[in-house]
Amino acid sequence: MFAPVPYARYSFPDNLIGETNLQEELSVDAPNMAAFQPVVLDAADAGSAYALYSLVDRLTPYGFLARRKLADFEGAFADPDSLVAVGVRKEGRLIAYSICRRAMRPPYPGNLFLSRIDPAITPLYVGIGTVVLPDFQGHLLMAQMLGLRRRLLFERRVHHVAGLVAIDNVLSIGNLLRAGAALLGFHEDETAMNYIAYGGDMLSRLDRKSISIAVPVGDRKQQARLFDNGHIAFSLRPGKMKQRDMLFLPLIP
Ligand SMILES: CC(C)(COP(=O)(O)OP(=O)(O)OC[C@H]1O[C@@H](n2cnc3c(N)ncnc32)[C@H](O)[C@@H]1OP(=O)(O)O)[C@@H](O)C(=O)NCCC(=O)NCCS
């Protein structure tokens, strides 16, 4: 058992190995968090996860969430060995989830960084979605769920997670970077231009001794140049949403 570190960085340190008590690890001091119950989801939750998705999707800018059907959730939950699904309940009601599943093929072909992993051999999980019901946003529930997800993945010896985040979704980008993930490049899907986010062992290749390069969040041309030049984005400087700088570092070749 290890001490509660609710918002530990996403680095899969060795000391995460061991027996876990999820409830205890996710406990937080703030009184307003007391009613939020972190949970691991299973097949019985597919319907309520989809209902939550549908509700949040209607209230969220187009492109922030990928298109999903009930069958997508049911299909994912039908294979629990390839799925890590966590959520938060309040008074029994599911108010947030974060789900990822094992990829069997390279999810974003063409991305050089990820091309080092063959998902058929090395487990690579990809995000299916993370949502928090608007009434309960602003309580760091995404950060909590990413922490729980990371621990469950670590217990499965999964050391690589990737996913997409829409380029305008600064709140979600901030959450991912704070959780220790990095942005690797761009990827367009059916609804939006996205960043590819990655968390896991390969971030040990980040050259943390180099001086970081700051680029405004909106300067996609400069970001694309840096991605093409072997850099990845690892942090957002604090500041107002759209005026923040994204910090890049090179990768050790
Ligand atoms: C994105 C979403 C899941 C985040 O929900 P949330 O958990 O309520 O997010 P919060 O508002 O509590 O967190 C936001 C702030 O906490 C910060 N934060 C995250 N981890 C933190 C930590 N460990 N310590 C301190 N602050 C932290 C975030 O960086 C952000 O700060 P900022 O405003 O300075 O950027 C939610 O807005 C949502 O459901 N949006 C619609 C669907 C969506 O876009 N999903 C993401 C798809 S990739």
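Count along the sequence shown from 1, then add 136; that gives the number in the numbering used here.
Beta carbons: idealized from backbone N, C-alpha and C, even for Gly.
Element boundaries [beta strand (DSSP E), containing glycine 263]: Walking along the sequence shown from the start, residue 263 turns up at place 127. 261-268 is the extent of the beta strand (DSSP E) around glycine 263.
Proximity test, glutamine 273 beta-carbon vs ligand 1 heavy atom, cut-off 8 Å: If you number the sequence shown from 1, residue 273 lands on position 137. For glutamine 273, the Cβ falls inside the 8 Å cut-off from some heavy atom of ligand 1.
Simplified DSSP state of isoleucine 332, which is helix, strand or coil: Start at 1 with the first residue of the sequence shown, and residue 332 comes out as number 196. The answer is strand: DSSP assigns isoleucine 332 an E or B state.
Reduced DSSP secondary structure (H/G/I, E/B, other) of glutamate 210: Residue mapping note: residue 210 aligns to position 74 of the sequence shown, counting from 1. It is helical.
Burial state of glutamine 159, where buried means 16 or more other Cβ atoms lie within 10 Å: Sequence index remark: in the sequence shown, residue 159 carries index 23 (1-based). Residue placement at glutamine 159 is flagged as unreliable, the pLDDT there being 40, under the threshold of 50; the coordinate-derived value follows with that caveat. Classification for glutamine 159: exposed.
Own chain partners of glycine 366 with C-beta closer than 6 Å, once the 5 adjacent residues on each side are dropped: Position 230 of the sequence shown holds residue 366. Closer than 6 Å at the Cβ level, and outside the excluded window around glycine 366, lie Pro386 and Leu387.
Other residues of its chain near asparagine 247: CB distance less than 8 Å, five sequence neighbours each side excluded: Start at 1 with the first residue of the sequence shown, and residue 247 comes out as number 111. So the list reads Leu320, Gly321, His323 and Ile332, once near-sequence residues are dropped.
Glycine 154 burial status per 10 Å Cβ neighbour count (16 or more: buried): Position 18 of the sequence shown, counting from 1, holds the residue named residue 154. Caution applies to glycine 154, whose pLDDT of 27 falls short of 50 and renders its modelled position unreliable; the value that the coordinates give is listed next. Exposed, by the Cβ-count rule.
Residues that DSSP places opposite lysine 226 in a beta bridge: Locating residue 226 in the sequence shown gives position 90, counting from the first residue. Phe172 and Arg229.
Status (buried if at least 16 other CB within 10 Å, exposed otherwise) for leucine 195: On the sequence shown, position 59 is the one that residue 195 refers to. Per the 10 Å Cβ criterion, exposed.
Residues that proline 352 bridges to, as DSSP identifies them: Residue mapping note: residue 352 aligns to position 216 of the sequence shown, counting from 1. Answer is Asp381.
Three-state class that DSSP yields for phenylalanine 363 in the structure shown: As a working mapping, residue 363 is identified with position 227 in the sequence shown. Looking at phenylalanine 363 - three-state DSSP - the assignment turns out to be helix.
Bounding residues of the beta strand (DSSP E) (the contiguous stretch that carries glutamate 324): Counted from its first residue, the sequence shown places residue 324 at position 188. Taken as a continuous stretch (DSSP letters only), the beta strand (DSSP E) holding glutamate 324 covers 318-324.
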